[in-house]
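Colleague:
There are 2 protein chains.
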Amino acid sequence: MSEPLDFYFDFSSPYGYLASEKIDALAGKYGRKVRWHPVLLGVIFKATGATPLTQAPLKGEYSLHDFSRSARFMGIPYAQPANFPIATQHAARSYYWLHGQDCALARRFAHTAYRAYFAGGRDISSPDVVLDLAASLGADRAALAGALAGQALKDKLREACENALKIGVFGSPYVVVDGEPFCGADRLPQIGRWLESGGF
Amino acid sequence: MSEPLDFYFDFSSPYGYLASEKIDALAGKYGRKVRWHPVLLGVIFKATGATPLTQAPLKGEYSLHDFSRSARFMGIPYAQPANFPIATQHAARSYYWLHGQDCALARRFAHTAYRAYFAGGRDISSPDVVLDLAASLGADRAALAGALAGQALKDKLREACENALKIGVFGSPYVVVDGEPFCGADRLPQIGRWLESGGF
Numbered sequence: 009m010s011e012p013l014d015f016y017f018d019f020s021s022p023y024g025y026l027a028s029e030k031i032d033a034l035a036g037k038y039g040r041k042v043r044w045h046p047v048l049l050g051v052i053f054k055a056t057g058a059t060p061l062t063q064a065p066l067k068g069e070y071s072l073h074d075f076s077r078s079a080r081f082m083g084i085p086y087a088q089p090a091n092f093p094i095a096t097q098h099a100a101r102s103y104y105w106l107h108g109q110d111c112a113l114a115r116r117f118a119h120t121a122y123r124a125y126f127a128g129g130r131d132i133s134s135p136d137v138v139l140d141l142a143a144s145l146g147a148d149r150a151a152l153a154g155a156l157a158g159q160a161l162k163d164k165l166r167e168a169c170e171n172a173l174k175i176g177v178f179g180s181p182y183v184v185v186d187g188e189p190f191c192g193a194d195r196l197p198q199i200g201r202w203l204e205s206g207g208f
Numbered sequence: 009m010s011e012p013l014d015f016y017f018d019f020s021s022p023y024g025y026l027a028s029e030k031i032d033a034l035a036g037k038y039g040r041k042v043r044w045h046p047v048l049l050g051v052i053f054k055a056t057g058a059t060p061l062t063q064a065p066l067k068g069e070y071s072l073h074d075f076s077r078s079a080r081f082m083g084i085p086y087a088q089p090a091n092f093p094i095a096t097q098h099a100a101r102s103y104y105w106l107h108g109q110d111c112a113l114a115r116r117f118a119h120t121a122y123r124a125y126f127a128g129g130r131d132i133s134s135p136d137v138v139l140d141l142a143a144s145l146g147a148d149r150a151a152l153a154g155a156l157a158g159q160a161l162k163d164k165l166r167e168a169c170e171n172a173l174k175i176g177v178f179g180s181p182y183v184v185v186d187g188e189p190f191c192g193a194d195r196l197p198q199i200g201r202w203l204e205s206g207g208f
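As structure tokens, then:
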């Protein structure tokens, strides 16, 4: 029962950001680690036919309100980005490239990118912004820029999205604990109970 | 600040049922009452273009799993109905008719209908089942049957759905506390915090 949790998220997902601020500590409380898997909701929604939350009539306006209220409820800094939602393939590919070199650096990058976008007013759809953030953590900017231009990293992210769809990921955040799926930052209390009790 | 909360729900909504088991006690803890408003998600989804949860690819299968897990998490009896989702106009209209006679009876009917459907294996899309449930609580079966066949009650429910859409209701449950909207049974903790603090 010491298998890591799997945490699927899109760097443009507000609820993914909120979960990212809590998931490691929650899992750690029960002696568990978390594997992070950035994916592209655009690819997933194309496969499932889903609509981005903020484009849905009535629900869209409510969601924008709920993002920041949920952040306050969870004690997490949040400032609705002016450009939203955004394409996050550069951030996601950078994560996988960094992960191939240094897992801890990749985790720091994920937090840094999420916070830059959802609390710092940075537009992480820009490759330059992503490279700057990675470089600020000590990554090799030129090497990452080269990798982002190559095919291998594109294939890596495509495979990550395909794998996510195969296991049933339809939104962000999506967390799997010992085969049990939980979707949404609002399922963190259920995840805690599940980890505590081994199911309920 | 002693205005009642407004609780919008569809009798075929699992998360509406879960909220219905908690909302009065939660509000009561802070000296507040709740106004219940059954509506038809079918009418609301027609206006907003939304898809019923269980018809969405991947999300549908997950949702069926999440309904019963969320019920266990909240300590509420739940048995996924074989016939789901269902048309709930008879249950909703009966609620409004009963409410015109006796508010407390209408509330007991709402609980009885919800529990009959989500825990008792009864198909409350049937007018006969709805009439039986109302009669079991002491309502005049023949008078209710007559009212269900009339136009006034149909108009009443149509107006309730139109009013709900006007204030932004796009799903069930949808709770409004002093103008602040909360959608989903998973927002009950936020509602509690809001009632406790007068906002956050």
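Taken in order, these protein sequences are the chains called U and A. Start counting the first sequence at 9; every next residue gets the next number (my numbering). Start counting the second sequence at 9; every next residue gets the next number (my numbering). Beta carbons: idealized from backbone N, C-alpha and C, even for Gly.
Return yes when the Cβ of A114 (chain A) is within less than 8 Å of the Cβ of H107 (chain A), no when it is not.
Modeller: Yes, these two residues count as a Cβ contact at 8 Å.
Colleague: Mapping DSSP to helix, strand and coil, what is E188 (chain U)?
Modeller: strand
Colleague: Under 8 Å Cβ-Cβ, which residues of chain A neighbour Q198 (chain U)?
Modeller: R77, S78, F81
Colleague: Give me whichever residues DSSP pairs with W44 (chain A) in a beta bridge.
Modeller: A:F15
Colleague: Quick check on this structure: which residue in A:L34, A:A55, A:H73 has the alpha carbon closest to the alpha carbon of G187 (chain U)?
Modeller: A:H73
Colleague: Buried or exposed, going by whether 16 or more other CB atoms sit within 10 Å of the CB of P12 (chain A)?
Modeller: exposed
Colleague: Identify the contact partners of T56 (chain U) in chain A, using a Cβ-Cβ distance below 9 Å as the criterion.
Modeller: A64, P65, L66, K67
Colleague: Would you mind telling me which residues of chain A sit closer than 7 Å to C191 (chain U), beta carbon to beta carbon, in chain order?
Modeller: Y70
Colleague: Quick one: list the residues of chain U neighbouring F178 (chain A), beta-carbon separation under 8 Å, in chain order.
Modeller: Those are A64, P65, L66, K67, Y70, listed as they occur along chain U.
Colleague: Pull up the CB-CB distance for F190 (chain A) and Y122 (chain A), whole angstroms please, since I reckon it's below 8 Å.
Modeller: Between Y122 (chain A) and F190 (chain A) the Cβ distance is about 19 Å, and since that is not below 8 Å, they are no contact.
Colleague: Do you know how far the Cα of A151 (chain A) is from the Cα of Q4 (chain A)?
Modeller: Past the edges of chain A, shown from 9 to 208, lies residue 4 (chain A), and the structure says nothing about it.
Colleague: Distance, Cα to Cα, A127 (chain U) vs P22 (chain U)?
Modeller: 11 Å
Colleague: Alpha helix (DSSP H) containing D136 (chain A): first to last residue?
Modeller: Following the DSSP letters along the chain, one finds D136 (chain A) inside the alpha helix (DSSP H) bounded by residues 135-144.
Colleague: Can you tell which of A:P197, A:D32, A:F17, A:F92 has the C-alpha that lies nearest to the C-alpha of S134 (chain A)?
Modeller: A:F92
Colleague: Flag this pair as touching only if the segment 57-68 of chain U and the segment 56-70 of chain A have three or more C-beta atom pairs under 8 Å; answer yes or no.
Modeller: yes
Colleague: Using a C-beta to C-beta distance shorter than 7 Å, which residues of chain U count as neighbours of F208 (chain A)?
Modeller: R80, F81
Colleague: Going along the chain, which residues of its own chain have a beta-carbon closer than 6 Å to the beta-carbon of K41 (chain A), five neighbours each way excluded?
Modeller: Here K41 (chain A) has P12 as same chain residues with Cβ atoms under 6 Å from its own Cβ, once five neighbours each way along the sequence are excluded.
Colleague: So the candidates are A:Y103, A:F81, A:G36, A:L49; which of them puts its Cα closest to the Cα of P181 (chain A)?
Modeller: A:L49
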